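A.B. asks: To start, I am sharing the structure in question, which I have written as structure tokens.
Number of protein chains: 2
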Amino acid sequence: MDKKIVIIGGTACGPKAAARARRCDQQAQVTMVEQGENLSVATCGLPYYVSGVINSRRELLTRGPDFFKAVMNIDVLTRTRAVAIDRKNHRVEVLNLKTDRASNIEYDKLVLATGSTPAVPDLKGKNLSGIFTLSKIEEAHAIRNLVSPRKIKKAVIIGAGLIGLEMAEALVSRGLEVSVVEALDRVLPALLDFEMAAYVEKHLREKGVKLLLGQSLTGFDGDKEGRLIRVITEKAELEADLALLAIGVRPNTGLAKSAGLDIGATGGIAVNSHLQTSDPDIYAGGDCVENVHLVTGRKILAPLGSTANKHGRVIGTNVAGGDEAFPGVLGTSIAKVFEYNVGRVGLSQSQAQAAGYDVVTSLVPGYEHATYYPKGKEILVKLVAEKSNGKLLGGQVVGPGETAKRIDVLATALSFSATVDDLANTDLAYAPPYNSALDPLHNAANVIRNKQSGLARALNPMEVESKLKRGDDFIFLDVRSPGEWAAYRIEAPQARLLPLSELRQNLDKLPGDAEIVIFCHTSVRAYQAQRILDGAGFKDVKFMDGSIASWPYELSTERKTPAGE
Amino acid sequence: MDKKIVIIGGTACGPKAAARARRCDQQAQVTMVEQGENLSVATCGLPYYVSGVINSRRELLTRGPDFFKAVMNIDVLTRTRAVAIDRKNHRVEVLNLKTDRASNIEYDKLVLATGSTPAVPDLKGKNLSGIFTLSKIEEAHAIRNLVSPRKIKKAVIIGAGLIGLEMAEALVSRGLEVSVVEALDRVLPALLDFEMAAYVEKHLREKGVKLLLGQSLTGFDGDKEGRLIRVITEKAELEADLALLAIGVRPNTGLAKSAGLDIGATGGIAVNSHLQTSDPDIYAGGDCVENVHLVTGRKILAPLGSTANKHGRVIGTNVAGGDEAFPGVLGTSIAKVFEYNVGRVGLSQSQAQAAGYDVVTSLVPGYEHATYYPKGKEILVKLVAEKSNGKLLGGQVVGPGETAKRIDVLATALSFSATVDDLANTDLAYAPPYNSALDPLHNAANVIRNKQSGLARALNPMEVESKLKRGDDFIFLDVRSPGEWAAYRIEAPQARLLPLSELRQNLDKLPGDAEIVIFCHTSVRAYQAQRILDGAGFKDVKFMDGSIASWPYELSTERKTPAGE
Numbered sequence: 008m009d010k011k012i013v014i015i016g017g018t019a020c021g022p023k024a025a026a027r028a029r030r031c032d033q034q035a036q037v038t039m040v041e042q043g044e045n046l047s048v049a050t051c052g053l054p055y056y057v058s059g060v061i062n063s064r065r066e067l068l069t070r071g072p073d074f075f076k077a078v079m080n081i082d083v084l085t086r087t088r089a090v091a092i093d094r095k096n097h098r099v100e101v102l103n104l105k106t107d108r109a110s111n112i113e114y115d116k117l118v119l120a121t122g123s124t125p126a127v128p129d130l131k132g133k134n135l136s137g138i139f140t141l142s143k144i145e146e147a148h149a150i151r152n153l154v155s156p157r158k159i160k161k162a163v164i165i166g167a168g169l170i171g172l173e174m175a176e177a178l179v180s181r182g183l184e185v186s187v188v189e190a191l192d193r194v195l196p197a198l199l200d201f202e203m204a205a206y207v208e209k210h211l212r213e214k215g216v217k218l219l220l221g222q223s224l225t226g227f228d229g230d231k232e233g234r235l236i237r238v239i240t241e242k243a244e245l246e247a248d249l250a251l252l253a254i255g256v257r258p259n260t261g262l263a264k265s266a267g268l269d270i271g272a273t274g275g276i277a278v279n280s281h282l283q284t285s286d287p288d289i290y291a292g293g294d295c296v297e298n299v300h301l302v303t304g305r306k307i308l309a310p311l312g313s314t315a316n317k318h319g320r321v322i323g324t325n326v327a328g329g330d331e332a333f334p335g336v337l338g339t340s341i342a343k344v345f346e347y348n349v350g351r352v353g354l355s356q357s358q359a360q361a362a363g364y365d366v367v368t369s370l371v372p373g374y375e376h377a378t379y380y381p382k383g384k385e386i387l388v389k390l391v392a393e394k395s396n397g398k399l400l401g402g403q404v405v406g407p408g409e410t411a412k413r414i415d416v417l418a419t420a421l422s423f424s425a426t427v428d429d430l431a432n433t434d435l436a437y438a439p440p441y442n443s444a445l446d447p448l449h450n451a452a453n454v455i456r457n458k459q460s461g462l463a464r465a466l467n468p469m470e471v472e473s474k475l476k477r478g479d480d481f482i483f484l485d486v487r488s489p490g491e492w493a494a495y496r497i498e499a500p501q502a503r504l505l506p507l508s509e510l511r512q513n514l515d516k517l518p519g520d521a522e523i524v525i526f527c528h529t530s531v532r533a534y535q536a537q538r539i540l541d542g543a544g545f546k547d548v549k550f551m552d553g554s555i556a557s558w559p560y561e562l563s564t565e566r567k568t569p570a571g572e
Numbered sequence: 008m009d010k011k012i013v014i015i016g017g018t019a020c021g022p023k024a025a026a027r028a029r030r031c032d033q034q035a036q037v038t039m040v041e042q043g044e045n046l047s048v049a050t051c052g053l054p055y056y057v058s059g060v061i062n063s064r065r066e067l068l069t070r071g072p073d074f075f076k077a078v079m080n081i082d083v084l085t086r087t088r089a090v091a092i093d094r095k096n097h098r099v100e101v102l103n104l105k106t107d108r109a110s111n112i113e114y115d116k117l118v119l120a121t122g123s124t125p126a127v128p129d130l131k132g133k134n135l136s137g138i139f140t141l142s143k144i145e146e147a148h149a150i151r152n153l154v155s156p157r158k159i160k161k162a163v164i165i166g167a168g169l170i171g172l173e174m175a176e177a178l179v180s181r182g183l184e185v186s187v188v189e190a191l192d193r194v195l196p197a198l199l200d201f202e203m204a205a206y207v208e209k210h211l212r213e214k215g216v217k218l219l220l221g222q223s224l225t226g227f228d229g230d231k232e233g234r235l236i237r238v239i240t241e242k243a244e245l246e247a248d249l250a251l252l253a254i255g256v257r258p259n260t261g262l263a264k265s266a267g268l269d270i271g272a273t274g275g276i277a278v279n280s281h282l283q284t285s286d287p288d289i290y291a292g293g294d295c296v297e298n299v300h301l302v303t304g305r306k307i308l309a310p311l312g313s314t315a316n317k318h319g320r321v322i323g324t325n326v327a328g329g330d331e332a333f334p335g336v337l338g339t340s341i342a343k344v345f346e347y348n349v350g351r352v353g354l355s356q357s358q359a360q361a362a363g364y365d366v367v368t369s370l371v372p373g374y375e376h377a378t379y380y381p382k383g384k385e386i387l388v389k390l391v392a393e394k395s396n397g398k399l400l401g402g403q404v405v406g407p408g409e410t411a412k413r414i415d416v417l418a419t420a421l422s423f424s425a426t427v428d429d430l431a432n433t434d435l436a437y438a439p440p441y442n443s444a445l446d447p448l449h450n451a452a453n454v455i456r457n458k459q460s461g462l463a464r465a466l467n468p469m470e471v472e473s474k475l476k477r478g479d480d481f482i483f484l485d486v487r488s489p490g491e492w493a494a495y496r497i498e499a500p501q502a503r504l505l506p507l508s509e510l511r512q513n514l515d516k517l518p519g520d521a522e523i524v525i526f527c528h529t530s531v532r533a534y535q536a537q538r539i540l541d542g543a544g545f546k547d548v549k550f551m552d553g554s555i556a557s558w559p560y561e562l563s564t565e566r567k568t569p570a571g572e
């Protein structure tokens with residue numbers, strides 16, 4: 008008898024598992040069950056369908072049931088829901104949603120690729136029309152039908168995660184006034200530390216997005232026809248013609264739970280390294296399972312199309328009798344947020360500290376390619392490493408310049424437990440249109456090495472801001488040129504200008520025992536100045552990580568002439 | 008007594024070593040000696056200065072002697088040549104080229120960062136005016152003065168390496184007719200295998216560059232005034248107003264040799280992992296030394312600004328009393344060649360085979376990002392791995408799409424002796440504007456895994472072309488759609504069209520014991536078809552790696568109707 012492989016779910020992991028199983032085993036009976044109409048939907052493309060960057064729905068639908076049958080000899084049942092698993096008899100009960108008839112499908116190996124569902128908080132007004140989530144092409148289409156002919160004016164997005172910000176861009180591009188409500192104190196809180204998020208927030212505000220941070224959604228008001236008119240938060244009431252709930256997704260585990268399969272503490276289906284559930288004949292992958300985080304070794308949810316596709320291949324191999332393991336994930340994420348490229352991999356500083364790591368970080372503004380090659384755009388790199396051994400824990404790279412490359416280099420490095428020493432000497436490709444002789448990643452790794460060796464000492468911008476706010480007695484030494492100072496600067500009673508080129512000649516003007524925190528534009532000059540003062544016997548000198556280029560607070564830009572000029 | 012550190016060479020490694028030494032040791036006396044006028048010249052930017060992409064010479068000159076003195080307290084002697092090293096007395100004899108006066112500088116630690124010089128073959132006419140090399144800003148300026156006002160019409164570049172091709176673009180952009188002469192059978196022969204080079208050559212020819220491959224330069228003809236008028240090769244005589252010799256560089260080792268320091272078999276100064284020469288008080292780095300290749304463990308020359316800068320940091324640390332090692336290089340290279348991005352890392356297939364490896368390769372055409380996201384451009388990925396264990400040996404990525412990211416991911420992976428299994432599951436950043444759920448690198452790794460596991464069997468395009476040329480008896484099965492066939496195809500008596508979607512229904516039309524080589528556009532369908540035929544009991548089925556998208560030979564593009572339609 009040929010092996011019977013049944014796959015539940017037809018979006019990403021499911022079709023990939025089915026196709027791979029077929030390629031590994033030409034004799035098996037392969038059946039795929041999908042409750043929706045469509046297969047292999049590119050759901051990551053939905054924000055771009057809403058914006059119109061992607062024109063037609065068909066571009067997001069690559070393969071239909073006919074393709075699966077003709078080319079792969081896979082039977083596909085669409086509009087069919089799996090309602091129960093009879094593990095003892097190796098049967099899945101399915102319901103044909105068109106005919107409402109139930110039937111059973113036998114399996115030797117079963118694959119659960121049941122995906123996830125956007126979270127909807129149980130709040131007043133949640134069923135009003137005009138409130139959406141975004142996980143299906145039908146939802147994207149409904150939103151597009153509202154915004155494309157500019158029927159509506161005001162949108163409120165709840166949740167400043169990846170989908171929330173991608174949709175902010177899409178809706179602004181459609182001419183809407185867009186507000187984003189986020190319960191935490193920053194955008195992309197699961198990805199970015201405060202100063203990195205602040206850098207992105209500046210860009211969002213420039214693009215006209217209103218950010219309401221640190222406030223939870225409390226409910227919705229509607230009109231008599233049941234249409235949304237207002238979004239209510241703890242601190243504000245926002246007029247809204249459209250609201251998008253983008254506060255995350257929940258793994259679809261109902262079928263697995265009912266069948267008695269183990270569910271992990273994360274809420275995802277528990278699987279081993281072969282993506283096998285607690286029943287050896289049932290595999291699971293994609294958004295519905297939990298993953299191993301390769302840095303911490305802990306379980307996390309990682310609902311991403313990239314992971315789902317990798318899962319699919321591993322499962323397809325294994326259900327066909329092969330032996331393949333999935334090592335885990337790094338939480339690698341990237342999003343286009345208007346003209347910024349925003350990425351992270353591994354742990355942020357806050358996540359690393361919450362996980363108990365003693366960390367050392369660097370915050371390095373840089374350019375995507377050689378500064379002398381035209382049209383170079385800025386990027387801001389933050390690295391997080393373990394203090395005791397310099398092992399990389401994570402990285403964040405944001406800005407208008409190229410960031411995806413740097414994130415992928417870090418992802419590869421993290422896969423091999425690389426240290427900052429490894430990263431600093433990695434032979435990355437160099438030519439002026441692509442990067443500098445030393446990439447910003449090299450510089451960021453070297454800053455950590457300098458801190459580790461005791462050469463460099465720094466405070467992060469938030470620590471400096473606290474000191475300024477508290478009115479601490481220290482010298483906040485700006486070593487930029489008078490011209491730069493005149494154009495923009497950090498105003499504070501502690502601030503003082505002394506250009507780097509004049510520092511060696513003016514050491515007597517600084518008190519040797521005072522606390523001195525030095526900054527410039529990117530920290531390169533500030534570090535140089537710190538070493539000069541160290542060498543001259545100053546006792547308590549540090550620089551500010553990232554300096555003005557990554558200062559997340561206000562700058563004074565009123566033109567001024569430096570005192571004494 | 009403060010330590011005396013003397014550095015010879017002021018381009019890349021030298022200034023970096025000097026600055027790093029100063030940051031590590033504020034008390035040392037640091038002196039840098041440079042025979043030219045300029046310091047810290049961005050020589051990698053010279054082709055862009057010739058083209059005018061970089062406007063002013065000043066952009067390539069970042070730091071002068073005053074900067075080094077004021078900020079770093081480093082004494083810089085420009086227009087000063089180091090003529091001899093007295094190792095016994097720890098002295099360098101230098102000659103002031105302005106005054107012609109010799110003097111001695113004492114050192115505790117000496118750094119040789121003497122760079123490299125373009126190779127000039129000893130051929131008839133080599134001293135004619137109009138013949139250039141490109142390693143100094145003065146040379147770039149002289150070329151620019153000839154081409155900027157369009158005084159001349161025809162340029163011949165000798166050598167199709169990185170600088171040769173960057174300069175081909177620069178000179179075409181200045182309106183010149185450009186020919187490139189290369190002794191080997193392909194462009195970028197030190198970087199690319201034949202089929203990858205062919206892909207780049209198509210683009211060069213589209214841009215109007217005349218390629219004269221497989222022919223050596225034999226000399227130059229001049230007029231009575233000593234001006235170049237012709238470049239002579241083994242097979243052609245080319246009219247030329249300008250010739251550029253770009254056949255590689257030689258490490259400047261004269262000073263080291265005279266001082267009796269060890270020179271490696273590569274011709275570069277021999278150094279240990281700390282970049283220390285055979286004299287423990289003399290360090291060397293940059294273009295003048297040899298490096299360890301991290302894949303082979305063998306010594307190679309790697310004259311690149313990126314390597315020179317990393318060397319500088321390591322040397323600066325060590326001469327200041329620190330302890331830092333430089334692990335080695337991967338031969339990572341990238342160049343912008345008109346609208347193509349051309350990169351490689353590690354070993355090409357030909358290099359790996361020459362080094363004695365038994366290899367398995369993949370050749371995968373793909374897109375830089377999700378196919379449904381607009382404006383995606385093609386890339387072509389070739390991976391080379393060790394057959395016995397799947398260990399990556401190298402990668403080449405070329406095309407109009409994004410390649411630098413893929414090269415840098417591979418560079419990072421190669422640094423950790425990654426296998427194709429590792430690469431296939433690396434958690435790279437995914438969002439539609441940046442890549443597909445599975446990156447072309449993942450696909451390329453998976454093709455090798457499929458070959459390793461026996462699922463996939465393939466011939467490369469050159470092997471197929473030999474079979475076609477020999478008139479071998481086999482079926483060359485095109486499984487694309489009739490529409491694709493009508494637009495472009497490989498013409499051969501062995502070629503036959505049978506679209507993948509009709510294959511399962513038409514198995515009886517193919518002889519089960521014939522040799523069948525399948526192709527499509529990218530190989531995805533061809534591999535699928537191979538598995539179908541395998542499953543149906545066909546005995547000798549393979550696909551063609553890379554299929555039509557990477558076919559390095561002629562395609563028929565005359566519109567045709569498939570037979571039987």
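In order, the protein sequences belong to chains A and B. Heads up, the first sequence is in our numbering, so the first residue is 8 and it goes up one at a time. Heads up, the second sequence is in our numbering, so the first residue is 8 and it goes up one at a time. Just so you know, even glycine gets a beta-carbon here, dropped at the ideal spot from N, CA and C. Note that the structure is predicted; figures quoted are calculated from it, not measured.
Counting pairs of beta carbons, one from the segment 545-557 of chain A and one from the segment 275-293 of chain B, are three or more of them closer than 8 Å?
C.D. replies: The segment 545-557 of chain A, when compared against the segment 275-293 of chain B, does not touch it at the 8 Å Cβ threshold.
A.B. asks: Between which residues of its own chain and Gly226/A is the CB-CB distance below 6 Å, once the five residues before and five after are set aside?
C.D. replies: Excluding positions up to five away in sequence, the list reads Leu130, Lys131, Gly132 and Ile239.
A.B. asks: Which residues of chain A have a Cβ atom closer than 7 Å to the Cβ of Cys51/B, listed in chain order?
C.D. replies: Within 7 Å Cβ-Cβ: Ala438 and Pro439.
A.B. asks: Run the CB neighbour count on Tyr560/B, radius 10 Å, all protein chains shown included, and call it buried at 16 or more, exposed below.
C.D. replies: With fewer than 16 Cβ atoms within 10 Å of its Cβ, Tyr560/B is classed as exposed.
A.B. asks: For the beta strand (DSSP E) containing Asn103/A, list its first residue and its last residue.
C.D. replies: Note, Asn103/A: beta strand (DSSP E), Arg98 to Asn103.
A.B. asks: Please list, in chain order, the chain A residues whose beta carbon lies closer than 9 Å to that of Gln358/B.
C.D. replies: Residues of chain A passing the Cβ test: none, with the nearest at roughly 16 Å.
A.B. asks: Got a sec: which bits of the segment 72-84 of chain A sit with their beta carbon under 8 Å from any beta carbon on chain B, in order along the chain?
C.D. replies: Of all residues in the segment 72-84 of chain A, Phe74, Ala77, Val78, Met79 and Asn80 have a Cβ within less than 8 Å of some Cβ in chain B.
A.B. asks: Which two residues bound the contiguous beta strand (DSSP E) that contains Ile322/B?
C.D. replies: Ile322/B -> not in any beta strand (DSSP E); alpha helix (DSSP H) instead, spanning Gly312 to Val326.
A.B. asks: What residues in its chain sit with their C-beta under 6 Å from that of Ala190/A, if we drop five residues either side in the sequence?
C.D. replies: Contacts found: Ser223.
A.B. asks: Across which residues does DSSP place Tyr290/B in a beta bridge pair?
C.D. replies: Tyr290/B is bridged to Val118/B and Gln283/B.
A.B. asks: Run through DSSP, which three-state label would Arg637/A get?
C.D. replies: Because chain A is modelled from 8 through 572, residue 637/A falls outside the range shown and cannot be assessed.
A.B. asks: Could you pull out every unbroken alpha helix (DSSP H) segment of at least 4 residues lying fully inside the segment 430-485 of chain A, listed in chain order?
C.D. replies: Complete alpha helix (DSSP H) runs here, min 4: 447-459 and 468-477.
A.B. asks: Hey, is Gln642/A's beta-carbon within less than 8 Å of any beta-carbon in chain B?
C.D. replies: In the structure as shown, chain A begins at 8 and stops at 572. Residue 642/A is therefore absent and cannot be evaluated.
A.B. asks: Which residues in the same chain as Asn513/B place their Cβ atom closer than 7 Å to its Cβ, once the five residues preceding and following it in sequence are excluded?
C.D. replies: Closer than 7 Å at Cβ, skipping near neighbours: Leu505.
A.B. asks: At a threshold of 7 Å, does His376/A count as lining the ligand MG (C-beta to nearest heavy atom)?
C.D. replies: The ligand MG is not part of this structure, which contains no ligands at all.
A.B. asks: Please report the distance separating the alpha-carbon of Ile254/A from that of Arg566/B.
C.D. replies: Whole-angstrom Cα-Cα distance: 53 Å.
A.B. asks: State the Cα-Cα distance for the pair Leu421/A and Tyr534/A, rounded to the nearest angstrom.
C.D. replies: For Leu421/A and Tyr534/A, the distance between alpha carbons rounds to 27 Å.
A.B. asks: By the criterion of Cβ-Cβ separation under 9 Å, what are the contact partners of Asn450/A in chain B?
C.D. replies: Within chain B, no residue comes near Asn450/A; the closest Cβ sits about 10 Å away, beyond 9 Å.
A.B. asks: I'd like the list of long-range same chain contacts for Tyr347/A, defined as Cβ closer than 7 Å, with 5 residues on each side in sequence excluded.
C.D. replies: Val207, His210, Val405, Gly406 and Pro407.
A.B. asks: Per DSSP, what kind of secondary structure is Phe550/B in: helix, strand or coil?
C.D. replies: Residue state, collapsed to three classes: strand.
A.B. asks: Could one say the Cβ of Val296/B lies closer than 8 Å to chain A's Cβ atoms, at least one of them?
C.D. replies: No, no contact with chain A.
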